[in-house]
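Engineer: There's a structure below that I have some questions on.
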Amino acid sequence: MKLNTSVLNGLRLLLALWVVCGHFYIVIGGTNYIEIPFVSSLLLQPVIAVNGFMIITGFLMTYHYILREKKEPFLEKPTGTKFILRRLFRLYPVYFIAIVAAFFLVENMYLLRKEILEFFTGSSLTVFGAESKLETPTLIGMFSHLFFIHGLIPHQDSTILSVAWSLSLEMQFYIIFPIIFAILFRKQTSLRFSVITVVSVAISVLSLNYLKSYFDMPAALIFRMPVFILGMMVAAAALKKLKWRFVALNGLIILAMEDKLTIILALGLIFLMFYENLKPVLPRSIYSVISFFAGLLSNKLSKFGADISYSLYLMHMIIMPFIIKFFINLNYSKLLTAGLSFVSLLAITITLSYILYLYVEKPFIVMGKRFVATLPRATRAPAEILTD
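Counting from 2, one number per residue, gives the positions in the sequence shown under my numbering.
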């Protein structure tokens with residue numbers, strides 16, 4: 002089966018931009034300021050884009066884990082250690098910068114967000130009907146964020162940097178991924194995937210109301226594990242380690258509990274990776290249009306977007322209030338203020354993200370690979386990843 006993983010580059014950029022645009026729209030008041038038919042409903046739900054990132058994470062982790070099996074047997078303890086270390090070298094440096102910056106700026110960030118709401122809407126109420134909150138940073142908040150455990154501590158999940166809730170969730174997944182992988186791929190893979198799918202969906206549904214009582218953004222892995230599992234199953238099927246009928250059945254169970262936008266996004270992600278297999282049955286004109294858009298998602302610009310997407314995701318909320326406040330002080334109209342703020346936000350955040358990629362992310366990625374290469378290699382032949 003043909004697989005096009007390069008489209009994930011463009012998709013990661015689009016998802017990051019969805020988050021940025023959504024947060025900008027929410028900060029200036031959302032529909033309390035201006036309602037945009039159809040677009041408003043998308044912008045008010047940037048969490049859907051985060052669901053997309055989680056599906057992609059589950060897919061890529063499993064895909065590369067399987068491809069590296071000969072060099073790094075999944076049953077060897079060093080394999081899991083190497084995997085986690087590579088992720089830490091990749092993610093932590095920029096994350097550390099973002100959390101420390103947010104810690105010192107968070108009080109001003111939220112004070113400005115209140116002023117921004119009042120400028121655009123005449124009220125300090127958010128589009129969701131709640132009073133614009135203020136934050137006072139604490140050492141507990143800072144250190145819980147730096148150790149990625151803020152998503153597990155009630156009322157700490159988004160106190161320093163609101164978007165960081167998903168990083169706690171992703172890190173929880175990274176830590177248990179080697180164990181989950183070893184359990185799922187030793188034998189009876191399809192049965193084990195079915196069991197973990199049903200169990201994770203049940204726990205997710207049952208835990209939601211409880212978690213929402215203590216967290217602004219539920220960031221315990223038990224709540225979002227099903228979407229990671231969906232990505233893992235797609236990767237396993239793509240590499241012929243799982244039959245597609247099991248993916249379809251288990252995917253139906255997972256997506257039945259999700260909202261419509263997550264369902265559309267998940268199916269769209271999968272379709273774009275595998276659409277080439279439908280060439281014999283699709284009309285030539287439709288296939289050409291799909292190929293054109295897939296090409297846009299796979300070009301050099303999209304690769305650049307994928308490179309900066311992580312920093313873009315982390316940094317935009319820190320910068321945003323200060324940029325909008327700058328233009329408010331110029332006493333322009335609301336519409337012009339919003340337009341100039343948005344364009345400036347994209348330009349400044351993209352530039353900063355590229356700088357962080359070049360001088361922080363990229364060097365640490367190389368450093369991580371070198372460090373991992375010094376660790377002991379496998380001492381026995383790789384265990385076979387079974388095919389159902």
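The beta carbon of each residue, even a glycine, is placed where N, CA and C say it ideally should be.
(1) Taking the alpha-carbon positions, what's the ILE265 to GLU259 distance?
(2) If I'm right that ASN10 touches ALA238 with Cβ under 8 angstroms, what's the distance once you round it to whole angstroms?
(3) Provide the residue span of the alpha helix (DSSP H) that contains SER354, from first to last.
(4) Are three or more beta carbon pairs between the stretch 210-229 and the stretch 148-164 nearer than 8 angstroms?
(5) Output yes or no for whether 8 angstroms exceeds the beta carbon distance between LEU76 and ALA183.
(6) Check for me: the alpha helix (DSSP H) holding ASP308 runs from which residue to which?
(7) If I'm right that PHE216 touches LEU147 with Cβ under 8 angstroms, what's the distance once you round it to whole angstroms?
(8) Does the stretch 131-141 come within contact of the stretch 196-210, defined as at least 3 CB pairs closer than 8 angstroms?
(9) In whole angstroms, give me the CA-to-CA distance for VAL202 and LEU253.
(10) For MET316, I'd like the list of residues in its chain whose CB is within less than 7 angstroms of its CB, leaving aside the five on either flank, ordered along the chain.
(11) Whole angstroms are fine: how far does the CA of SER169 sit from the CA of GLY152?
(12) If distances are taken between C-alpha atoms only, which option among PRO377, ILE324, PHE144 comes closest to LEU116?
(13) Can you tell me which of the three DSSP states SER240 falls into?
(14) Which residues share a DSSP beta bridge with GLU73?
(15) Tell me which residues share the same chain as ILE230 and place their Cβ nearer than 8 angstroms to its Cβ, disregarding the 5 neighbours each side in the sequence.
(16) Helix, strand or coil: which one does DSSP assign to GLU136?
(17) Enumerate in chain order the residues of its own chain whose CB-to-CB distance from VAL361 is below 6 angstroms, with the five nearest sequence positions on each side excluded.
(18) Return the bridge partner residues of LEU126 from the DSSP annotation.
(19) Verify the contact flag: PHE54, CB atom, against every heavy atom of the ligand ZN, threshold strictly below 7 angstroms.
(20) Using a Cβ-Cβ cut-off of 6 angstroms (strictly less than) and excluding sequence neighbours within five positions of MET233, which residues of its own chain qualify?
(21) Pop quiz: MET318 and LEU92 are said to be a contact at Cβ under 8 angstroms. What is the actual Cβ separation, rounded to whole angstroms?
(22) Expressed to the nearest angstrom, what Euclidean distance is found between the alpha-carbon atoms of VAL248 and SER167?
(23) DSSP state of GLU36, grouped into three classes?
Structural biologist: So, from the listed chains and residues:
(1) Rounded to the nearest angstrom, the two C-alpha atoms are 10 angstroms apart.
(2) So it is not a contact: roughly 21 angstroms between Cβ atoms.
(3) According to the DSSP assignment, SER354 belongs to the alpha helix (DSSP H) that extends over 335-357.
(4) Touching, per the Cβ criterion.
(5) Against a cut-off of 8 angstroms, the Cβ pair of ALA183 and LEU76 comes out as a contact.
(6) Note, ASP308: alpha helix (DSSP H), 301-329.
(7) A Cβ-Cβ separation of about 19 angstroms leaves PHE216 out of contact with LEU147 under the 8 angstroms criterion.
(8) Contact between the stretch 131-141 and the stretch 196-210 is absent, because fewer than three Cβ pairs lie under 8 angstroms.
(9) Our two residues, VAL202 and LEU253, have alpha carbons roughly 11 angstroms apart in a direct line.
(10) Excluding sequence neighbours, MET316 sits near ALA99, THR350, LEU353, SER354.
(11) Approximately 5 angstroms, taken between the alpha carbons.
(12) Looking at the sequence provided, one finds Glu at residue 116 rather than Leu. Of the listed residues, the one whose Cα sits closest to GLU116 is ILE324.
(13) With the sequence shown as reference, residue 240 is identified as Leu, and Ser is not the correct amino acid for it. DSSP, reduced to helix, strand and coil, places LEU240 outside both helices and strands of the structure shown, so it counts as coil.
(14) Bridge partners of GLU73: none, in fact.
(15) Same-chain partners within the cutoff: GLY59, PHE194, ILE197, THR198, SER201, ASN251, ILE255.
(16) Coil.
(17) The beta carbon of VAL361 sits closer than 6 angstroms to those of PRO94, VAL95, all from its chain and outside the five residues before and after it, given in chain order.
(18) GLU132, per the DSSP bridge assignment.
(19) The ligand ZN is not part of this structure, which contains no ligands at all.
(20) For MET233, where only same-chain residues beyond five positions count, the Cβ hits under 6 angstroms are GLY59, THR63.
(21) Actually they do not touch by this definition, with Cβ atoms about 17 angstroms apart.
(22) Roughly 25 angstroms between the two C-alpha positions.
(23) The answer is coil: DSSP assigns GLU36 none of H, G, I, E or B.
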